[in-house]
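Below is one structure; the comments refer to it alone.
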Amino acid sequence: MIDPRIVRDDPDRVRAAQAKRGLSDEVVDRALSADTTRRASIAAYEAKRAEQKQLGKLIPQAQGEEKQALLARTRTLSAEVKQAEAAQGAAEAGWQGALRSIPNLAADAAPAGGEDDFVVIETIGTPRDFEAEGFTPRDHVELGRMLGAIDLERGAKVSGSRFYFLTGIGAQLEFALVAMAMELARNAGFTQVIAPSLVKPRAMEGTGFLGQAADDVYRIEGEDLYLVGTSEVAMAAYHSDEILDGAALPLRYAAFSPCFRKEAGSHGKDTKGIIRVHWFDKVEMFVYTTLEDAEAEHQRLLGWEKEFLDKLELTYQVIDTAAGDLGLSATRKFDCEAWIPTQGRYRELTSTSNCTDFQTRRLDTRGRFGSQIRPVATLNGTLTAIPRAIVAILETHQQADGSVTVPLALQPHLGGLQVMKPVRA
RNA sequence: GGAGGCGUCGCCUAGUCCGGUCUAUGGCGCCCGCCUGCUAAGCGGGUUUGGGGCUACAACCCCAUCGCGAGUUCAAAUCUCGCCGCCUCCGCCA
Numbered sequence: 007m008i009d010p011r012i013v014r015d016d017p018d019r020v021r022a023a024q025a026k027r028g029l030s031d032e033v034v035d036r037a038l039s040a041d042t043t044r045r046a047s048i049a050a051y052e053a054k055r056a057e058q059k060q061l062g063k064l065i066p067q068a069q070g071e072e073k074q075a076l077l078a079r080t081r082t083l084s085a086e087v088k089q090a091e092a093a094q095g096a097a098e099a100g101w102q103g104a105l106r107s108i109p110n111l112a113a114d115a116a117p118a119g120g121e122d123d124f125v126v127i128e129t130i131g132t133p134r135d136f137e138a139e140g141f142t143p144r145d146h147v148e149l150g151r152m153l154g155a156i157d158l159e160r161g162a163k164v165s166g167s168r169f170y171f172l173t174g175i176g177a178q179l180e181f182a183l184v185a186m187a188m189e190l191a192r193n194a195g196f197t198q199v200i201a202p203s204l205v206k207p208r209a210m211e212g213t214g215f216l217g218q219a220a221d222d223v224y225r226i227e228g229e230d231l232y233l234v235g236t237s238e239v240a241m242a243a244y245h246s247d248e249i250l251d252g253a254a255l256p257l258r259y260a261a262f263s264p265c266f267r268k269e270a271g272s273h274g275k276d277t278k279g280i281i282r283v284h285w286f287d288k289v290e291m292f293v294y295t296t297l298e299d300a301e302a303e304h305q306r307l308l309g310w311e312k313e314f315l316d317k318l319e320l321t322y323q324v325i326d327t328a329a330g331d332l333g334l335s336a337t338r339k340f341d342c343e344a345w346i347p348t349q350g351r352y353r354e355l356t357s358t359s360n361c362t363d364f365q366t367r368r369l370d371t372r373g374r375f376g377s378q379i380r381p382v383a384t385l386n387g388t389l390t391a392i393p394r395a396i397v398a399i400l401e402t403h404q405q406a407d408g409s410v411t412v413p414l415a416l417q418p419h420l421g422g423l424q425v426m427k428p429v430r431a
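Heads up, the working numbering is the position in the first sequence plus 6, with the first residue counted as 1.
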């Protein structure tokens, strides 16, 4: 939820922000008129209620006819209060509804436009030239099969399309990647967390995933629970209804959790392999900090993401996502996209968003700064999403014989293993 | 899953039986001041959060807030119902 005062005091700024995302500004006028209605109804209700309370105090001491008169008056007042209260509730809901449908204001620096209007900030490394090396690279599906690392057939048999088993060296790779990510996070001062993957509607709603993204979310049949698509959801709700100690900020968490996505809108996209799957494990950085520090922290998160990709010795580019491709909650988003040789293009491996006070307003997390209580910001960033990291590693570091060299930094986490060798042709 | 107990403004706690001077008591902690060579002790004051009015996001006034929601009533921390959470015991289980 954006700051209501911005809508009230500077509606044009919100209109411009809506336009930048390619959205209608109709909601701004709806919010403004709802606010007027709301404030009028609050005043009306409170006036009635104040009168009711005052008269109510007189009743115990009153006697006889005086008491009867008071009771007669308060009886009608009681009905009026009830009515005014209902009107206030409705007005409040209208205001909240309008306000909640406004996405976070895109940062001035974020590029305008949609999905294809991103700006490449930097490119690290050069795509490996397999032609010069004299062999045609295998895709991760083939490499995963040869290494005995990824079992897609049985994944489909047991769970359906977009599921997989990680086996043998594949399973070891996941543990190694998680260990390496957690080690990096720990050294950077993050608190390590294992977060629940099932959450209540409040958490899902508060992080903005029940808006346009609702189609992508699994709901548990017969329960008021959702499967998270990222541990961001659990971590944003972690401090809900709390007032944090401002002096203790930033609070940095590195949370591991399985993630679940319906991929409802992606029929036909990435149907091969484990680029786009219904379930995967992920280590996510999640930070609570001050609004003033949020932008700098965003750069720090990007820095840790790059550090991790560097350790994996990958070629990648960093993009500045355009406003129309930001999630509901984000004011700015950077993606790190790794070069996937057999696709001949860069694919998203990590993503970091600055959500400013959008989520904390919805989830009621604030900070105490001396005598003041002020909103705080949340930011999130992927440290590693397992399947895509595995895809990039296998394809990037493959050899002509189907073996895959292990990036130096990953070797200690694989018992010193330097090369993953095929177990079948 | 079953039975019982509990949920009060940071923490602990009074109040709930028997509805109204509850504008929620006291202690701890914290903040300010006095005292003091410095500290401690002592003394005095302050200390839930959100919203509305008015405005400087001060002061002041008002409304809400006693786990959440609904109900009864002129009036609910207090009575009724539902839900949630925690604790104890039993059952089951990794």
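Cβ coordinates follow ideal geometry from the N, Cα and C atoms, glycine included.
Distance, Cα to Cα, E128 vs A93? 54 Å
Taking the continuous alpha helix (DSSP H) assigned at N193, which residues delimit it? I175 to N193
Mind listing, in chain order, the continuous alpha helix (DSSP H) runs of no fewer than 4 residues lying wholly within the segment 352 to 421? 364 to 369 and 392 to 402
Can you give me the C-alpha to C-alpha distance between M186 and T390, rounded to a whole angstrom? 9 Å
Start-to-end residues for the alpha helix (DSSP H) that takes in V199: No alpha helix (DSSP H) holds V199; the beta strand (DSSP E) holding it covers T197 to I200.
Please list the terminal residues of the continuous beta strand (DSSP E) segment that includes R267. Counting along the chain, R267 falls outside any beta strand (DSSP E), and DSSP gives it neither H nor E.
So L250 packs on G373, CB below 8 Å; how close in whole Å? 5 Å
Output the distance between the C-alpha atoms of I254 and M241, rounded to the nearest integer angstrom. At residue 254 the sequence reads Ala, which differs from the Ile that was named. Straight-line Cα distance between these residues: approximately 17 Å.
Where A155 and V397 are concerned, what is the direct C-alpha to C-alpha distance, given to the nearest angstrom? 11 Å
Residue(s) in a DSSP beta bridge with I156: L172
Counting C-beta neighbours from all protein chains within 10 Å, is the total for P347 16 or more, i.e. buried, or is it exposed? buried
State the start and end residues of the unbroken beta strand (DSSP E) segment that holds M291. W285 to T295
DSSP state of F314 mapped onto helix, strand, coil: helix
Pick from H245, A182 and L423 that is closest to R208, judged by C-alpha positions: H245
On the CB-based measure, 16 or more other CB atoms within 10 Å of its CB, does A46 come out buried or exposed? exposed
With distance defined between alpha-carbon atoms, name the residue in E238, P264 and V239 nearest to V184. P264
Please name the residue, chosen from P381, A112 and L153, that lies closest to K427 on a Cα-to-Cα basis. L153
Exposed or buried, what is H146 when buried is set at 16 or more other beta-carbons lying within 10 Å of its beta-carbon? buried
Please classify D433 as buried or exposed, where buried requires at least 16 other C-beta atoms within 10 Å of its C-beta. Any question about residue 433 goes unanswered here, given that the chain covers just 7 to 431.
Hey, which unbroken runs of the alpha helix (DSSP H) at 4 residues or more fall wholly within the segment 198 to 253? 207 to 212 and 238 to 244
Can M338 and H304 be called in contact, C-beta distance under 8 Å? The displayed chain sequence assigns Arg, not Met, to residue 338. Yes.
Using beta-carbon positions only, say whether N110 and C361 come within less than 8 Å of one another. yes
Alpha carbon of D316 to alpha carbon of A270, nearest angstrom: 33 Å
Helix or strand or just coil, what does DSSP make of K54? helix
Quick one: measure Cβ to Cβ for A90 and K63, integer angstroms, because I've assumed they're closer than 8 Å. The Cβ separation is near 20 Å, so there is no contact.
Tell me whether F141 sits in a helix, a strand or coil according to DSSP, three-state version. coil
Among I108, W310 and E401, the one whose alpha carbon lies nearest that of G195: W310
Can you tell me which of R106, G131 and N386 puts its alpha carbon nearest to the alpha carbon of R36? R106
To the nearest angstrom, how far is the alpha carbon of S335 from that of T356? 17 Å
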